[in-house]
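> This structure is in structure tokens; I'll ask about it shortly.
Residue numbers (the numbering used here): 101 to 355.
Here's what the structure looks like:
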């Protein structure tokens with residue numbers, strides 16, 4: 101389970117303070133896929149960095165499978181798997197060597213690591229690639245290896261940051277199948293994306309962020325009931341339009 105409670109983060113810039121995340125809370129249970137959605141600058145990446153323990157929140161906390169990241173960051177990270185659009189492979193290592201290396205970083209026993217490599221490689225259909233240098237792989241092949249790497253230590257919580265960016269149709273379907281498999285394994289999954297059409301197909305629940313705040317949350321049916329709209333893209337267009345109208349009104353009142 102992943103729990104985020106009253107999470108906030110402000111950055112001091114030359115032009116003033118920017119509140120990147122503002123009092124954000126959500127909970128994801130085992131076997132659930134949660135879409136953390138929003139346009140660029142909504143606060144998605146800052147939230148992910150705080151959950152990963154890479155950035156300290158000003159207020160609130162993130163709790164990974166019962167462990168707060170601020171209290172025991174190493175243990176919390178050991179319970180997280182992370183996959184991003186960047187493949188992050190080591191080009192001079194073979195795929196097998198690289199996966200063993202990452203398993204060792206998480207203190208996975210070598211015998212167990214080898215067993216997991218075989219099982220996950222079969223699932224992601226990369227067995228023929230295991231003894232090839234990672235630097236010789238295509239973009240789609242590298243992405244499959246990255247997906248295996250994210251599960252090598254069998255974490256209960258998975259974070260996927262823009263996982264389909266730059267992929268072709270086959271690569272996108274691979275990601276969809278992977279997320280379905282994570283759901284079947286009982287993982288708590290966060291999908292952070294601005295691809296609303298994909299999120300609508302993949303996720304069980306959603307948190308819609310704008311300017312650091314969660315504007316809507318719930319299942320698709322709950323969002324439809326709340327907003328009167330049928331699709332996420334329509335909900336977001338309304339949200340952005342309302343925000344811009346509000347900003348314009350405030351500017352007019354200040355004149």
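We put the CB at the ideal spot given by N, CA and C, even for glycine.
#1: Indicate the three-state DSSP secondary structure (helix, strand or coil) for residue 110 in the structure shown.
#2: Round the Cβ separation of residue 304 and residue 319 to the nearest angstrom and send it over; I've been treating them as touching at under 8 Å.
#3: Do three or more CB pairs link the region 216–232 to the region 149–158 at distances below 8 Å?
#4: If the criterion is Cβ atoms closer than 7 Å, does the pair residue 129 and residue 108 meet it?
#5: Specify, as a first and last residue, the run of the alpha helix (DSSP H) that residue 175 falls within.
#6: Which same chain residues, not among the five before or five after residue 165, have their C-beta less than 7 Å away from its C-beta?
#7: According to the neighbour-count rule (16 or more other Cβ atoms, all chains shown, within 10 Å of its Cβ), is residue 241 buried or exposed?
#8: Where does residue 86 land, buried or exposed, given buried means 16+ other C-beta within 10 angstroms?
#9: Under a three-way DSSP split, which group does residue 183 fall into?
#10: Enumerate in chain order the residues of its own chain whose CB-to-CB distance from residue 260 is below 6 Å, with the five nearest sequence positions on each side excluded.
#11: Just verifying my parser: in three-state terms, what is the DSSP assignment at residue 267?
#12: In chain order, which continuous runs of the alpha helix (DSSP H) of length 4 or greater are located wholly inside the region 137–164?
#13: Between residue 265 and the ligand NAP, is the CB less than 6 Å from at least one heavy atom?
#14: Quick check for students: name the residue ranges of the beta strand (DSSP E) that lie wholly in the region 245–308, counting only runs of 3 or more.
#15: Between residue 248 and residue 199, which are expected to be in contact by the criterion C-beta below 8 Å, what is the C-beta distance as a whole number of angstroms?
#16: Quick one: Cα of residue 213 to Cα of residue 113, how far?
#17: When the Cβ atoms of the region 270–287 are set against those of the region 308–316, are three or more pairs found closer than 8 Å?
#18: Pull up the CB-CB distance for residue 302 and residue 133, whole angstroms please, since I reckon it's below 8 Å.
#19: Does DSSP classify residue 118 as helix, strand or coil?
#20: By Cβ distance, which residues of its chain are closer than 7 Å to residue 251, with the 5 residues on each side in sequence left out?
#21: Would you tell me roughly how many angstroms separate the C-alpha atoms of residue 118 and residue 336, rounded to the nearest one?
In terms of the structure at hand:
#1: strand
#2: 7 Å
#3: no
#4: no
#5: 173–178
#6: 101, 179, 256 and 257
#7: buried
#8: The question about residue 86 has no answer here: the residues shown for the chain are numbered 101 through 355.
#9: strand
#10: 183 and 291
#11: coil
#12: 144–151
#13: For the structure depicted, the ligand NAP is absent and the ligand set is empty, with no information on it obtainable.
#14: 257–261 and 288–293
#15: 6 Å
#16: 45 Å
#17: no
#18: 6 Å
#19: strand
#20: 181 and 220
#21: 22 Å
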